[in-house]
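In the numbering used here, the protein residues as written are 19 to 696. We put the beta carbon where it would ideally sit given N, CA and C, even for glycine. The model shown is predicted, which means the values in this text are computed figures rather than measured ones. Reviewing the structure listed below.
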Ligand code: ACM
């Protein structure tokens, strides 16, 4: 596939400091470099523990993979080794939210020292060192550098919903590897939903037996993942959503619900009526035993009880619940849920845990140690902080919205309403979590929905607040994205396998050209389109179409758009950029003819035919616009209005996809009609 590298040359020339992600809080690049050669070795001085030894082995495997040099996995002597690691002391037996994660890394031409108060900083510093290893004409080298680094926020999470679609354990593990590479430290495991209950309970076996379609993690799986995550400095916080989002529990245990049932696993998306009955003592007895069991399985101090989106319809319709509310002076469903939360908090606390819940659980009289996770906005963080509660932000970090990395990157936990908090109140904002809701996600495509965009969120939560340069972020995320692939994630290479299935042929080059410039519709556009078409999307609807495969953000469209801006800013004197733009436009113009035979014989691709035709038309329009400009002519008004009408059409979603190059081509058309340089 022809690759036109808009904008790369200038970016590389202006490079001053190494392409680290997330950027450290302080970095000083010095003269010289440390060559990485066959004699590279690592020693551990200071505190040692098996986890550090395993981290060093992984690190050496990474360096071996990056350099092709088979490095010795024997630990070296501290006075001779190339890299000497020193942790002052152990971290806690169960990683806590507020442990020191700082480290310093000093690299000179003769060796490197990595120091940290405890192993958590060492784990982060090893990731930094790996990112610093760069190819050079004479081998591989790390620039002489001094880095003093620590996170801005203590809570840097990724939530994965494994309930709407099950996500296999090996896929979770490779995403944990991605998190570690980006210095993230909380994996939030959304384990129960209307559409699935995903963990084995030994106390209540019908939860997984009847609530999961056979797709759940055993307790041994969970312990394995917790160990795997701990090895990488990552906490595992389980979520069991209650009292709503809980239909899958009721298939096996209808007596927990507020209406008799029977219940089936939900097969569609949205908010459903079933909710636990907060008025029955038997509900709390059940939850006490269940939470006790899960508190034992999950060592993390925090326990997430969900608490979001209870519509209250089952409560309204149940006379006994109405009677209870009247007797307890609970004036509305919000008050009833607050009563439920108060009871649950006592249970969670009795089992030694701190309760977390989504915005809706916020109530002034809950104990101040609970944590609010906001999916609604910074205002919830501010409201929580003013009442003395700690909080984490997920609003603005919803990966299923298919936003560009830049939009997540601009979303600071301490912006908006949270910006006016006092320093003490701001301290209560612990950080944030990217959220991967899984309506349209399976083990096959989940990596591409999480990465590389989550790297931008990871940087927002780790790096200083003033690290906001978009060009720098996009340059570094590109590097990091390929590194994540080498670590085992499939967010880029997975696309080809999916294209090949859709095309039914090995030649997916023309399909790839289209795939590279479309993005899935944003927000809830997919639901809206289904609604408009009178369709119901179901949990067993195959996720094998172009919309399920392409990246949420088109890197090529972004670069093309930047190139067009550069050329317009140069008043069309930038010939080399124009040549690149023309080559790209020609490729698009000619692509439909190449793609047609593939589209004609693929059931899965028929829907995208209009997009392919529109991409060709956009390519042709862009070339015509450049011809007018280059000849010093002004494009005729009727040509312009015709093109603009087609471009408007091309901007509309089709097959749940957006053609991302339409706005840049509109700029070319408009420039050609305003052209008066002749
Ligand atoms: C949520 O989006 N209801 C947490």
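If you draw a straight line from the alpha carbon of residue 587 to that of residue 644, how long is it in whole angstroms? Position 569 of the chain shown holds residue 587. Position 626 of the chain shown holds residue 644. Taking the straight line joining both Cα atoms gives about 14 Å.
Assess, as a yes-or-no matter, whether the segment 129–141 is touched by the segment 95–111 under the definition of 3 or more beta carbon pairs within less than 8 Å. Segments in contact, yes.
Distance between residue 613 and residue 685 (C-alpha atoms, nearest Å): In the chain shown, counting from the first residue as 1, residue 685 sits at position 667. In the chain shown, counting from the first residue as 1, residue 613 sits at position 595. Cα-Cα distance, rounded: 26 Å.
7 Å CB neighbourhood of residue 360 in its chain, flanking five on each side removed: In the chain shown, counting from the first residue as 1, residue 360 sits at position 342. Here the set comprises 384.
Straight-line gap, residue 149 to residue 155 (C-alpha atoms, nearest Å): Translated into positions along the chain shown, residue 149 becomes position 131. Translated into positions along the chain shown, residue 155 becomes position 137. Going from the Cα of residue 149 to the Cα of residue 155 covers about 18 Å.
Between residue 248 and chain B, is there a C-beta pair that is closer than 8 Å? Protein chain content of the structure displayed is limited to a single chain, and chain B is not contained in it.
Which residue comes first and which comes last in the beta strand (DSSP E) that contains residue 208? Taking the chain shown and counting its residues from 1, the one referred to as residue 208 is at position 190. Where residue 208 is concerned, the enclosing beta strand (DSSP E) stretches over 204–208.
Within a Cβ cutoff of 8 Å, which residues of the same chain sit near residue 69, ignoring the five residues on either side of it in sequence? Position 51 of the chain shown, counted from the start, is the residue given in the question as residue 69. The answer, listed in chain order, is 137, 248, 249.
Distance CB(residue 677)-CB(residue 485) smaller than 8 Å: Counting from one through the chain shown, the residue named residue 677 turns up at place 659. Counting from one through the chain shown, the residue named residue 485 turns up at place 467. No, they are not a contact pair.
Name, in chain order, the residues that DSSP records as bridge partners for residue 235. Mapped onto the chain shown, residue 235 falls at position 217. DSSP lists 217 as the beta-bridge partner residues of residue 235.
Taking the continuous alpha helix (DSSP H) assigned at residue 426, which residues delimit it? Taking the chain shown and counting its residues from 1, one reaches residue 426 at position 408. Per DSSP, residue 426 belongs to the alpha helix (DSSP H) from 423–427.
Please confirm whether any heavy atom of ligand 1 lies closer than 7 Å to the CB of residue 326. One-based indexing of the chain shown puts residue 326 at position 308. Correct: residue 326 has its Cβ closer than 7 Å to ligand 1.
Close-in-space but distant-in-sequence residues of the same chain around residue 333 (CB under 7 Å, 5 per side omitted): Translated into the one-based positions of the chain shown, residue 333 becomes position 315. 276, 293, 339, 351, 354.
How many angstroms separate the CA atom of residue 37 from the CA atom of residue 195? Start at 1 with the first residue of the chain shown, and residue 37 comes out as number 19. Start at 1 with the first residue of the chain shown, and residue 195 comes out as number 177. About 19 Å.
Counted within 10 angstroms of its Cβ, other Cβ atoms place residue 610 as buried (16 or more) or exposed: Here residue 610 corresponds to residue number 592 of the chain shown, with the count starting at 1. Classification for residue 610: buried.
Can residue 183 and residue 557 be called in contact, C-beta distance under 8 Å? By one-based count along the chain shown, residue 183 stands at place 165. By one-based count along the chain shown, residue 557 stands at place 539. Taking 8 Å as the Cβ cut-off, residue 183 and residue 557 qualify as a contacting pair.
Can you tell me the Cα-Cα spacing of residue 471 and residue 344, whole angstroms? Stepping through the chain shown from its first residue, residue 471 is reached at position 453. Stepping through the chain shown from its first residue, residue 344 is reached at position 326. Distance between the alpha carbons of residue 471 and residue 344: 49 Å.
What whole-angstrom Cβ distance do residue 127 and residue 71 have, given they're in contact under 8 Å? For the purposes of this step, residue 127 is taken as the residue at position 109 of the chain shown. For the purposes of this step, residue 71 is taken as the residue at position 53 of the chain shown. Going by Cβ atoms, the distance from residue 127 to residue 71 rounds to 27 Å, so no, they are not a contact pair.
Taking the straight line between their C-alpha atoms, what separation do you get for residue 380 and residue 174? In the chain shown, residue 380 corresponds to position 362, counting from 1. In the chain shown, residue 174 corresponds to position 156, counting from 1. In a straight line, the C-alpha of residue 380 is about 21 Å away from that of residue 174.
Tell me which residue opens and which closes the beta strand (DSSP E) that residue 174 is part of. Working through the chain shown from its first residue, we reach residue 174 at position 156. First-last of the beta strand (DSSP E) with residue 174: 173–179.
Among 656, 264, 521, 110, whose alpha-carbon lies nearest the alpha-carbon of residue 330? Numbered from its first residue, the chain shown carries residue 330 at position 312. Here the closest residue by C-alpha is 264.
Report all residues from its chain with a CB closer than 6 Å to the CB of residue 626; omit the five preceding and five following residues, and keep chain order. Working through the chain shown from its first residue, we reach residue 626 at position 608. For residue 626, where only same-chain residues beyond five positions count, the Cβ hits under 6 Å are 564, 673.
Buried or exposed: residue 218, going by 16 or more other Cβ atoms within 10 Å of its Cβ? Position 200 of the chain shown holds residue 218. Buried, since its Cβ has 16 or more Cβ neighbours within 10 Å.
Length of the line joining the Cα atoms of residue 545 and residue 284: Residue mapping note: residue 545 aligns to position 527 of the chain shown, counting from 1. Residue mapping note: residue 284 aligns to position 266 of the chain shown, counting from 1. Those two C-alpha atoms are separated by around 16 Å.
Contacting residues, own chain, Cβ-Cβ under 6 Å from residue 163 (five flanking each side not counted): One-based indexing of the chain shown puts residue 163 at position 145. Excluding residues within five positions, the ones whose Cβ falls inside 6 Å are 47, 125.
Please report the Cβ distance between residue 425 and residue 410, rounded to the nearest whole angstrom; I am assuming they are in contact, meaning their Cβ atoms lie under 8 Å. Residue mapping note: residue 425 aligns to position 407 of the chain shown, counting from 1. Residue mapping note: residue 410 aligns to position 392 of the chain shown, counting from 1. Wrong, their Cβ atoms sit about 19 Å apart, outside the cutoff.
Check whether the Cβ of residue 421 sits closer than 7 Å to any heavy atom of ligand 1, and report yes or no. Counting from one through the chain shown, the residue named residue 421 turns up at place 403. Not so, every heavy atom of ligand 1 lies at least 7 Å from the Cβ.
Closest by C-alpha distance to residue 620, when choosing among 377, 518, 447, 583: Taking the chain shown and counting its residues from 1, one reaches residue 620 at position 602. Across the set 377, 518, 447, 583, the C-alpha of 518 shows the shortest separation from the C-alpha of residue 620.
By the three-class DSSP mapping on this structure, what secondary structure does residue 193 have? The count along the chain shown starts at 1 and reaches residue 193 at position 175. Residue state, collapsed to three classes: helix.
Could you tell me the boundaries of the beta strand (DSSP E) in which residue 322 lies? On the chain shown, position 304 is the one that residue 322 refers to. Residues 320–322.
Given a cut-off of 8 Å on the beta-carbon distance, is the pair residue 172 and residue 45 in contact? Within the chain shown, residue 172 is the residue found at index 154, counting from 1. Within the chain shown, residue 45 is the residue found at index 27, counting from 1. No, these two residues do not count as a Cβ contact at 8 Å.
First through last residue of the beta strand (DSSP E) which encompasses residue 102: By 1-based counting over the chain shown, the position of residue 102 is 84. Unbroken beta strand (DSSP E) run through residue 102: 101–105.
Let me know the beta strand (DSSP E) ranges lying completely inside the segment 655–691, each 3 residues or longer, listed in chain order. 675–677
Note down the Cα distance separating residue 231 from residue 179, rounded to an integer number of angstroms. Locating residue 231 in the chain shown gives position 213, where the first residue counts as 1. Locating residue 179 in the chain shown gives position 161, where the first residue counts as 1. Spanning the two alpha carbons is a distance of roughly 16 Å.
Would you say the beta carbon of residue 393 is closer than 7 Å to some non-hydrogen atom of ligand 1? Here the question's residue 393 lines up with position 375 in the chain shown. At least one heavy atom of ligand 1 is nearer than 7 Å to the Cβ of residue 393, so yes.
When the Cα atoms are used, what is the spatial distance from residue 463 to residue 98? Taking the first residue of the chain shown as 1, we reach residue 463 at position 445. Taking the first residue of the chain shown as 1, we reach residue 98 at position 80. Roughly 45 Å between the two C-alpha positions.
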